[in-house]
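Protein sequences, first through last, are from chains C and R. With the working numbering, the residue at position 212 of the first sequence is 212, and numbering never jumps. With the working numbering, the residue at position 59 of the second sequence is 390, and numbering never jumps. Notes for the one structure printed next.
2 protein chains.
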Amino acid sequence: MKKTAPTIRDVAAAAQVSTATVSKYINGAQRFSPKVEAALASAISSLGYKSNPLAKSMITGRTNTIGLSVLDITNPHFSSILKGANRVANDQGYSVLLVDTEETPSRERRTLEDLSLRVDGMIVFSRMREHEMAWMTEIDKPLVFFGSLSELPLPTVASDDHSGAFMLSQHLRMLGHKRIAYLGFSKSRRDEERLGGIRECLDAAGLPLTIYDADAPSLAEGERLCASIVLGSERPDALICYNDLMALGFMKEAENLGVAVPHDLSVVGFDNIPYGKYTTPALTTVDLQSERMGATAMEKLLAVIRGEPVEKLTRIAPQLMLRASTMARRA
Amino acid sequence: MKKTAPTIRDVAAAAQVSTATVSKYINGAQRFSPKVEAALASAISSLGYKSNPLAKSMITGRTNTIGLSVLDITNPHFSSILKGANRVANDQGYSVLLVDTEETPSRERRTLEDLSLRVDGMIVFSRMREHEMAWMTEIDKPLVFFGSLSELPLPTVASDDHSGAFMLSQHLRMLGHKRIAYLGFSKSRRDEERLGGIRECLDAAGLPLTIYDADAPSLAEGERLCASIVLGSERPDALICYNDLMALGFMKEAENLGVAVPHDLSVVGFDNIPYGKYTTPALTTVDLQSERMGATAMEKLLAVIRGEPVEKLTRIAPQLMLRASTMARRA
DNA sequence: CTGTTAGCGCTTTCAA
DNA sequence: TTGAAAGCGCTAACAG
């Protein structure tokens, strides 16, 4: 609890050198005579001097901070993205400033515009449609976006949701499922991609698809919508859920309703959150490699910041995780 | 992509006033004549002026940023804490700079000391023992700590782990369990408190307690240790796990091993992570109210920052969540 | 190798 | 109600 923290001038005075020398010394920008370096070292430690990062940032224009905006940090998909991104950032001397938009895009633009003034770059996961995002290109800071973009010239990192969905559908089809349903979440930009992959597969096989739509990508929504899917006259024999959270909620409620998974109905999801492996039955899902996506986005952003050239789109291949929630039938 | 962002001086020139006037105007520190305010408003919007927060921070010494340090952001307990803390921070105009120590305390001190120079205050969750934490009181920034402290004069927010553990044990005891075991995590500072609560209950009833210790508070560890707990000659009839993650991992593996929960063995945990409700059987646990803890810690910190007096310790009462993983026996 | 000199963009007395 | 002036703590040419 010092009265006033020592400044670079105090150090300069104590070591009998100029502030420029102190500055260069602490930044390792230059070597000095042993005598000077010794004086500097002792002055710094005896004063307990710490360089003020704010002053430094103001002049260099760099904050060593990256903004990361996600939709809901309690969703394991996003926690993992954050984990991966944060690890890479830390390794390279950066910190992460988090924005959790909590699925409410109203203040998103303001929030991100403000954020952009305090960071060296940002990584954004958003529900906005591409045409609502033009302002992002105006932001005068490097930015990496999660998801693929057709128009906007922004570097992106995306999972291949179309092919992940195709794989999942193909898998269900080959196991003999005939009445497949999709419990989607149309507010998401990835919903269409997943739906596209499912349709491509089922259309080719001449199989019908029933679609349900959730209001939120959550455990509670999967639970809530279960009865209407499972207790109708046309119960599907397989359900593809928009994500694992919904799948887990659905499976629990199905159990309560006396519908056995996978005996009566197969269930699959997306994301490969850790918990899907620990339910009974364990959930078959598409691993989107969340942590790796976060790490890749951060690597890409830091490359942009360093001025290195980067691909516009980095795709991360999804991977099917076969588990017990899926069962062969009519074989 | 402007060449150079407009500064307060550009605005002053465009509006024909001094920079001091612009400064006061944008900060709402003072009202001006309608003529001046109009000129200011139009100059600001036509130039697209944005106040540079770095310059402002340097001079005011406030960054409107709070540092939050947690042990593992993919653990739902911490995601929820972050959620609660972030929400409160945002509501009051603050952002959260996240530190994920990833259960490795080696660089923790350095990281936090550096962090302290970039934020207005910080909230810390740490595995450090109290005597290793004295340096925290030297940090010249408000700080709120998670967990109770006996010596250090730091404001804290803590769950009452002792009483939570007591409740849990009492519950098991009243259901007739006789051979209770604890799968703990001794690296954690809360492990002792939980163990204390368990012991207080069991000792009073003259019941023995077997203790196992995990290397990490994770799903994988619960899974790994299951066999040695369950396949020994003295299988317990109830297991209290350090947290829900371990409990879920344990339950899954128990199933694989042919041990039925709760028929053969009751299992309970701590935290009340959302996923415990969606397994079969659903997990009985102690709700530590993670999100509320995060929110409370942030409220407390912001109060300290505003200079308001705060209690040293805020305790959040834990709550027992009864679910199917526990069963009456020998009744 | 080391120092001098200008500021970065903003806030803040203090005067007018 | 408005402005002049003095920096915040630091870096970045440029000189020597």
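Backbone N, C-alpha and C fix where the C-beta goes; we use that ideal spot for every residue, glycine too. Computed from a prediction, not measured in an experiment: that's the story for all the values here.
Next item on the list: For M1 (chain C), I'd like the list of residues in its chain whose CB is within less than 7 Å of its CB, leaving aside the five on either flank, ordered along the chain.
Entry: Low local confidence applies: a pLDDT of 41 at M1 (chain C) is under 50, so the model's placement there is unreliable, and no value is given.
Check: Per DSSP, G600 (chain R) forms a beta bridge with which residues?
Finding: In the DSSP output, where bridge partners are listed per residue, G600 (chain R) has R:T616.
Margin query: Short of 9 Å Cβ to Cβ, which residues in the stretch 403-415 of chain R face chain C?
Written below: Residues of the stretch 403-415 of chain R with a Cβ closer than 9 Å to any Cβ of chain C, in chain order: D403, I404, T405, N406, P407, F409, S410, S411, L413 and K414.
Margin query: Give me, in chain order, the residues of the same chain whose beta-carbon lies closer than 8 Å to that of E223 (chain C); leave out the 5 immediate sequence neighbours on both sides.
Written below: Counting only Cβ-Cβ distances below 8 Å, and skipping sequence neighbours, we find G249, F250, K252 and E253.
Checklist line | Proximity test, Cβ basis, 8 Å: Y275 (chain C) and chain R | finding: Chain R, which has a Cβ nearer than 8 Å to the Cβ of Y275 (chain C), makes this yes.
Next item on the list: Give a yes or no on whether the C-beta atoms belonging to L47 (chain C) and A14 (chain C) are separated by under 8 Å.
Entry: Result yes, Cβ atoms of L47 (chain C) and A14 (chain C) sit closer than 8 Å.
Item checked: Selection of the stretch 92-116 of chain C by Cβ proximity to chain R, strictly under 7 Å -> Residues passing the 7 Å Cβ filter: S95, V96, L97, L98 and D100.
Next item on the list: Can you give me the Cβ contacts of V590 (chain R) inside the same chain, cut-off strictly under 7 Å, excluding the 5 residues immediately before and after it?
Entry: If you ignore the 5 residues before and after V590 (chain R), its C-beta comes within less than 7 Å of the C-beta of V561 and L596, all in its own chain and listed in chain order.
Checklist line | is_contact[S388 (chain R), chain C] using C-beta, thresh 8 Å | finding: Taking a beta-carbon distance threshold of 8 Å, S388 (chain R) counts as an interface residue toward chain C.
Check: DSSP state of L257 (chain C), grouped into three classes?
Finding: Reduced to three states, the DSSP call for L257 (chain C) is coil.
Checklist line | M389 (chain R) in three-state terms, based on DSSP | finding: Here M389 (chain R) sits in helix by DSSP.
Check: What residues from chain R crowd round R280 (chain C), counting only those whose CB sits closer than 8 Å?
Finding: As written in the sequence, residue 280 (chain C) is Thr, which differs from the Arg given in the question. Here the neighbours are K583, E586, T610 and T611.
Note to self: So that I know if they touch, is there some Cβ in chain C lying closer than 8 Å to that of G580 (chain R)?
What the structure shows: Cβ-Cβ to chain C under 8 Å: yes for G580 (chain R).
Notebook entry, point to check: What residues in the stretch 358-388 of chain R have a beta carbon less than 7 Å from any beta carbon of chain C?
Noted result: Only those residues of the stretch 358-388 of chain R whose C-beta falls short of 7 Å from the nearest C-beta of chain C are listed: K381, N383, P384, L385, A386 and S388.
Notebook entry, point to check: Heavy atom of the ligand PLP less than 7 Å from the Cβ of A227 (chain C), yes or no?
Noted result: Looking at this structure, you won't find the ligand PLP or any other ligand, since it has none at all.
Notebook entry, point to check: What number of angstroms, rounded off, separates the C-alpha of R623 (chain R) from the C-alpha of S490 (chain R)?
Noted result: Taking the CA atoms as reference points, R623 (chain R) sits about 10 Å from S490 (chain R).
Notebook entry, point to check: Taking C-beta to C-beta, are M453 (chain R) and L485 (chain R) nearer than 8 Å?
Noted result: Taking 8 Å as the Cβ cut-off, M453 (chain R) and L485 (chain R) do not qualify as a contacting pair.
Check: Which residues bound the alpha helix (DSSP H) around A465 (chain R)?
Finding: Secondary structure note for A465 (chain R): it is in no alpha helix (DSSP H), with a DSSP letter that is neither H nor E.
Notebook entry, point to check: So which of C:R31, C:S51 and C:S188 has the shortest CA-CA distance to T104 (chain C)?
Noted result: Closest in C-alpha terms to T104 (chain C), from the list C:R31, C:S51 and C:S188, comes C:S188.
Checklist line | Sequence ranges, beta strand (DSSP E) only - wholly within the stretch 433-520 of chain R, length at least 3 | finding: Taking only runs of at least 3 residues, the beta strand (DSSP E) segments lying wholly in the stretch 433-520 of chain R are 452-455, 474-477, 487-490 and 511-515.
Checklist line | Per-residue contacts from L651 (chain R) into chain C (C-beta, under 9 Å) | finding: Chain C residues near L651 (chain R): none, gap ~21 Å exceeds 9 Å.
Notebook entry, point to check: For a contact meaning CB atoms closer than 8 Å, what does N272 (chain C) contact in chain R?
Noted result: Those do not exist, as N272 (chain C) stays about 13 Å from chain R at its closest Cβ, beyond 8 Å.
Note to self: Against chain R, does R118 (chain C) count as a neighbour if the rule is that its beta carbon must be under 8 Å from one of theirs?
What the structure shows: Taking Cβ atoms only, chain R reaches closer than 8 Å to R118 (chain C), which makes this a yes.
Notebook entry, point to check: Under the DSSP definition of a beta bridge, which residues are partnered with A238 (chain C)?
Noted result: In the DSSP assignment, the residues bridged to A238 (chain C) are C:I180 and C:S266.
Check: How is the beta strand (DSSP E) around V348 (chain R) delimited, first residue to last?
Finding: Boundaries for V348 (chain R): no beta strand (DSSP E) harbours it, and the DSSP string shows neither H nor E there.
Next item on the list: Going by DSSP, name the residue or residues bridged to S426 (chain R).
Entry: DSSP, once it has assigned bridges, lists R:T396 as partnering S426 (chain R).
Check: Does any CB atom of chain C fall closer than 8 Å to the CB of L550 (chain R)?
Finding: Yes, contact with chain C.
Note to self: With DSSP as the reference, identify every bridge partner of T541 (chain R), one or two as the case may be.
What the structure shows: BP columns for T541 (chain R) point to R:A512.
Next item on the list: Could you tell me which of R:I511, R:V427, R:N587 and R:L514 sits nearest to T279 (chain C), measuring between CA atoms?
Entry: When only C-alpha atoms are compared, the closest one is R:N587.
Notebook entry, point to check: By DSSP, does I529 (chain R) sit in helix, in strand, or in coil?
Noted result: In this structure, I529 (chain R) counts as helix in the three-state DSSP scheme.
Check: If you pair each beta-carbon of the stretch 412-425 of chain R with each one of the stretch 374-392 of chain R, do three or more pairs fall below 8 Å?
Finding: They do not touch, by the three-pair rule.
Next item on the list: Go to M624 (chain R), then tell me how far its beta strand (DSSP E) extends in each direction, as first and last residue.
Entry: Unbroken run through M624 (chain R) is the alpha helix (DSSP H), S621 to I636; no beta strand (DSSP E).
Next item on the list: Assuming V17 (chain C) contacts A38 (chain C) (C-beta within less than 8 Å), just tell me the rounded distance between them.
Entry: Taking the Cβ atoms as the reference, V17 (chain C) lies roughly 11 Å from A38 (chain C), outside the contact range of under 8 Å.
Next item on the list: Tell me, please, which residues DSSP counts as bridged to L651 (chain R).
Entry: Listed as beta-bridge partners of L651 (chain R) by DSSP are R:V617.
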